[in-house]
């Protein structure tokens, strides 16, 4: 979310993904959302190595 992502194509739902807030979409709804987002600008620094949390 901090990198402006809207969808993750997880393919297989499980309890871990659900605990992170994931939910299932019907294929038609997923495709509709995907098409509506494809022109939206993404923050490509999301794909660069980064420290997610400092060590304690």
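Numbering (the working numbering), first residue to last: 1 to 56. Backbone N, C-alpha and C define an ideal beta-carbon position, used for all residues, glycine too.
- prompt: Taking the C-alpha atoms as reference points, what is the distance between residue 17 and residue 9?
  reply: Distance between the alpha carbons of residue 17 and residue 9 is about 11 Å.
task: Output yes or no for whether 8 Å exceeds the beta carbon distance between residue 35 and residue 7.
output: Judged by their CB atoms, residue 35 and residue 7 are not nearer to each other than the 8 Å cut-off.
- prompt: Enumerated in chain order, which unbroken segments of the alpha helix (DSSP H) with a length of 4 residues or greater are wholly contained in the stretch 6 to 45?
  reply: Complete alpha helix (DSSP H) runs here, min 4: 15 to 19 and 27 to 37.
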